[in-house]
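Protein chains in written order, with the numbering used here: chain A, 1 to 753; chain B, 1001 to 1163. Below is one structure, written out as structure tokens; comments come after it.
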Amino acid sequence: MPYETDFTNQGFTKVGTRVNRPDGVDKVTGRAKYGADANAAGQLVGRVLRSPHAHALITKIDTSKAEKLPGVKAVLTSKDFPDLTGGNRGLMDILENCMARGRALYDGHAVAAVAAIDADTADKALKLIKVTYKLLPHVTDVDEAMKPSAPIIHDWVRTAGVTPAPTAASNVAQRSEFGHGDVEAGFEQADVIIEKSFKTEQTHQGYIEPHACLATLGPDGSGELWVTTQGHFTFRNVCASLLGLDVAKLKVTSSEIGGGFGGKTHVWTEPVALQLSRKANRPVKLVMSRDEVFRATGPTSSTSVDVKIGAKRNGKITAATAELRYQSGAFPGMWAMFGAMTSFACYDLKNVKSVGFDVLVNRPKVAAYRAPSAPMAAFAVESVVDMLAAELGMDAVDFRIKNAAKKGTKASYGPVYGPIGIGPTLDAVKNHPHMKRKLGKNQGRGVACGFWFNFGGQTCTDLNIGVDGSVNLTVGTVDVGGSRASLALIAAEELGIDYDQVRVTIGDTNSLGHNDTTEGSRGTFSSGMATIFAARNAVEVLRQRAAATWDIPVEQVVWEAGEARAKGKQNNNLPPLSLKEIAAKSPRTGGPIAGHNEVVADGAGVSFASHMCDVEVDPETGATKILRYTVVQDAGKAIHPDYVEGQFQGGAVQGIGWALNEEYIYGDDGRLQNAGFLDYRIPVCSDLPFIDTQILEIPNPNHPYGVRGVGETSIVPPLAAIGNAVSNAVGVRMTHVPMSPPRILKAIEDGQA
Amino acid sequence: MNGVTVSAKVNGDAVQYVCPADESLLDVLRNRLNLTGVKEGCGTGDCGACSITLDGRLVCACLVLGAEAEGREIGTVEGLSEGGQLHPLQEAFIEKAALQCGICTPGFLVAAKSLLERNPNPSEEEIRYALAGNLCRCTGYDKIVRAVQSAAKMMRRGKKSAR
């Protein structure tokens, strides 16, 4: 029976409290087991050989010496991965990214792999593999890659989304367009028009735990994979497809995950580890080095964006356009499409058009990174919005409020909004004490807005009640940042029992039906929804057992405050039965009591945030200090406020790193020059102030509790908020992220010239 | 294997192991002594996930050789709690929600304990600089700093009441 997912505005006794997370003790004592913390008897060490070239033909791979080295049990090249993709180009891209097929497409692309008895032997074996390369011209810059003279990355790529369909190969894999109205006519009506171009550099998710797995695959085609992943079900399906296995015969267990942010939604070395294990017929543990993580996994797109917005003197925007060019690495992506969809989502616009170009370059295959593609578009749009407000002589917040999207607004990417939080977040900004703080010399303030869709997806959850009345909740989304606590609160709320009575387990692929990857801020939203329905199913069983015990019709039994109560005067003599009492009798009343739910959790409510930031820029060095930072975001309903705040703070700080420090630096040779945490500098504790947060709760009408995803939106505004703050501090418009000291100094110099 | 035999103390207990001369103490702790609470984030001393103490001094285990630990006292996250009693820092990290994914937590706890031993009443700035060698990508450090402040307060109060 499908359940009603509508928001009901019920009261809560557990949800919204700040309880201790159930996995806390495991994680502060070192007991929690992450990707690299599992071992198996007889396991081998897996290692991957990677291309040092940005683009090269692989004319020969001689593995004979490596194979003869004592202790080496398996050596793989692309020959060991026959094409089982059945013409599915997306699957082939994944396979080719896992192991180069005749051509290395980026610095760090895997070309061979070994499994040996220990790390030392495996490293020696890698050195004995002789790869003969023939260098090809390469391109790593997104704008360069779009020029007709650029080296073509894939001769089979024709630009999709263009009519008539092109016949020649291009590095532009896809053009996508969104919008409505007549932008030409809109610009005609404008009194002021601002047009500006922006660039953002490539960043990495930067999770502290490198990719790691322990793979076991026998000659019978049965296997197990222990892996740090955001989506063990997806990993199972992809690995099974690539390796020709039955989905049911590959059991994938997600370890504790040491950060993902989108980077652990894709397979990288897992199919390689499984294939090494099959070839050696021994378990293989494969852990990436940090250098490999940077060179071969993750990153988000570098981009180049043009924005044009026009407005009337009264502050009403009449038209807005954007052209967004996003590189997707060496394989086609849809990242510019997301950029084009999100770019103007905060505003109520009559005439709007955004066009995205997904572009191939010789860099690692781009992966999702927290609200993927939205921060770069927001940087460009929110910068121009600020410039336009200044030109109109309007306060930047008032200008945004005047143009903010609201219920009933047709979004630039298509749908019509229900109740949304952009207006309320801006009102909260306007009234926030942060905005009243005085600024000193070389200091500046910036505000910016952000949007993310959020996602629901396929979800399957089990709730089992023990004979003592304690509850085991098994979910298929991974706990990336405290979701066990939120889900236990929800189960306790529904059942009317103590939070401590619920234990949450992340089920492996053989213990639950398919669950989509934990992405799109869906963990608490979708598993929360499935938990509510699983618990309500269990309550049905509890009511039936109570009715049978009392020998009355089930309709006369209600579930209140954790106990079955018999309703009606004729039942006045029946004292309530607690969950514990019913559970204790369950062996004699029909056996185990459980609730189960599978759902496609549609209706993930869209999410909006507005950020405020104060900076001080040292005019001598160009270094920027964050003085104050405040996040205001709509959570729909904050199930566990601590972990909602944590998402706001973490996203903001990733954005601060992106805005000020982080970038992939490629040499002219197409090699990544800063593949380590020393030279790719993420924010450290001493770089930052406390990150202030304000949670707004505008209920999502499509969730029983009103929950919206909260994980991603917080990374969308920071680039622009800091860009606006720095621009205000130095008096020059910043157009290139990261705003590293040399870039700021140059902008000041250019501004004075 | 041309091994080196090493005798050391880990979290107060005597241990003996044989390791190659070039093997890091991090690999020894994780792979030979099964102390997988010590995490590897980079292997180059940049992230602090493998923070341990060596004779009371805070170090990155990935930058120390296993052979160098001969005759020395090693302290890891596994040694923080005493019996069933969590260290005040461990309690504060749970209560203040100072961890999300938790991979950096063992390193932060060891580094913070080392700070509070040297400075029982650190300012916010002192905490931030003392922990600047430990990377966290989830929290933005806000709740970590608050947890350390809270634990420091708890520990100072504990000392006073013990007197």
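Just so you know, even glycine gets a beta-carbon here, dropped at the ideal spot from N, CA and C. Note that this is a predicted model, so its numbers are computed, not measured.
Buried or exposed (CB count within 10 angstroms, at least 16 for buried), A/Leu-678: exposed
Can you grab the Cα-Cα spacing for the pair A/Ala-40 / B/Ala-1014, in whole Å? Linking A/Ala-40 to B/Ala-1014 through their CA atoms gives a straight-line distance of about 26 Å.
For A/Gly-520, tell me which candidate among A/Ser-302, A/Thr-13, A/Gly-24 and A/Tyr-369 has the shortest Cα-Cα distance. A/Tyr-369
Listing by chain order, which chain A residues have their CB less than 9 Å from the CB of B/Gln-1090? Gly-24, Val-25, Val-28 and Thr-29
A/Gly-414 and A/Ala-319 look like a contact to me (Cβ under 8 Å); what is the Cβ gap, rounded to whole Å? In fact, because the Cβ distance is near 18 Å, the residues do not count as touching under 8 Å.
Residues of the segment 1126-1149 of chain B with Cβ closer than 9 Å to any Cβ of chain A, in chain order: Ile-1127, Arg-1128, Tyr-1129, Ala-1130, Leu-1131, Ala-1132, Gly-1133, Asn-1134, Leu-1135, Cys-1136, Arg-1137, Cys-1138, Thr-1139, Gly-1140, Tyr-1141, Asp-1142, Lys-1143, Ile-1144, Val-1145 and Arg-1146
Give a yes or no on whether 8 Å exceeds the smallest Cβ distance from A/Gly-258 to chain B. yes
Write down every uninterrupted run of the beta strand (DSSP E) in the segment 431-471 of chain A whose length is 3 residues or greater and which is fully enclosed by it, in chain order. 443-452 and 457-465
With DSSP as the reference, please indicate the residues paired to A/Phe-178 in a beta bridge. A/Ser-354
Residue nearest to B/Leu-1089 in terms of C-alpha spacing, selected from A/Lys-569, A/Gln-202 and A/Val-28: A/Val-28
To which residues does DSSP link A/Leu-696 through a beta bridge? A/Asp-634
Rounded distance between the beta-carbons of A/Gln-43 and A/Arg-282, thought under 8 Å: 7 Å between Cβ atoms; contact.
Could you give the DSSP three-state label for A/Gly-258: helix, strand or coil? coil
Looking at the C-beta of A/Ile-783, does it have a partner C-beta in chain B at a distance below 8 Å? Outside the shown range of chain A, which is 1 to 753, sits residue 783 of chain A, and nothing can be said about it.
Which residues bound the beta strand (DSSP E) around A/Leu-579? From DSSP, A/Leu-579 is part of no beta strand (DSSP E) but of the alpha helix (DSSP H) over 579-589.
Neighbour flag for B/Gly-1083 against chain A, beta carbons, 8 Å: no
Using a C-beta cutoff of 8 Å, does B/Gly-1041 count as contacting chain A? yes
Reference B/Asp-1046; option with closest CA among B/Ala-1147, B/Ala-1097 and B/Val-1059: B/Val-1059
With a threshold of 8 Å between beta carbons, is B/Thr-1053 in contact with chain A? no
Can you find a CB in chain A that lies within less than 8 Å of the CB of B/Ala-1067? no
Taking the continuous alpha helix (DSSP H) assigned at A/Ser-483, which residues delimit it? 483-495
Taking just the CA atoms, how far does A/Thr-461 sit from A/Val-600? 12 Å
I'd like the ranges of any beta strand (DSSP E) spanning at least 3 consecutive residues and lying wholly in the segment 126-151 of chain A. 130-135
Between the beta-carbon of B/Gly-1075 and the beta-carbon of B/Val-1028, is there less than 8 Å? no
Option in A/Asn-510, A/Val-632, A/Ile-490 and A/Lys-410 with minimal Cα separation from A/Gln-501: Nearest Cα to A/Gln-501 within the set A/Asn-510, A/Val-632, A/Ile-490 and A/Lys-410: A/Ile-490.
Less than 8 Å between CB atoms is the rule here; does A/Asp-642 satisfy it with respect to chain B? yes
Using only alpha-carbon positions, find the residue among A/Gly-568, A/Ala-564 and A/Gly-456 that is nearest to A/Gly-711. A/Gly-456
Between the segment 667-696 of chain A and chain B, which residues of the former have a C-beta closer than 7 Å to a C-beta of the latter? Gly-676, Phe-677, Leu-678, Ile-682, Val-684, Cys-685, Ser-686, Leu-688, Phe-690 and Ile-691
By Cβ distance, which residues of its chain are closer than 6 Å to A/Arg-47, with the 5 residues on each side in sequence left out? By the criterion of a C-beta distance shorter than 6 Å, A/Arg-47 is surrounded in its chain by Val-114, Ala-122 and Leu-126, once the five residues flanking it on both sides are discounted.
Between the Cα of B/Val-1019 and the Cα atoms of B/His-1087, B/Val-1064 and B/Gly-1043, which residue gives the shortest distance? Note that residue 1019 of chain B corresponds to Cys in the displayed sequence, not to Val. Residue B/Val-1064 is the option with its Cα nearest to B/Cys-1019.
When DSSP builds the beta bridges, which residues end up paired with A/Gln-752? Beta-bridge pairing links A/Gln-752 to no other residue.
Residue-chain proximity (B/Gly-1012, chain A), Cβ-Cβ < 8 Å: no
Within chain B, the residues that A/Tyr-133 reaches when beta carbons sit closer than 7 Å: The premise fails here: A/Tyr-133 is roughly 27 Å from chain B at the closest Cβ pair, so nothing lies under 7 Å.
Check the Cβ-Cβ distances between A/Gln-202 and every residue of chain B, and say whether any is below 8 Å. no
Using beta carbons (cut-off 8 Å, strictly below), is A/Tyr-207 in contact with chain B? yes
Cβ separation of A/Leu-242 and A/Leu-349, assumed to be a contact under 8 Å, to the nearest whole Å: Rounded, the Cβ-Cβ distance is 43 Å, inconsistent with contact.
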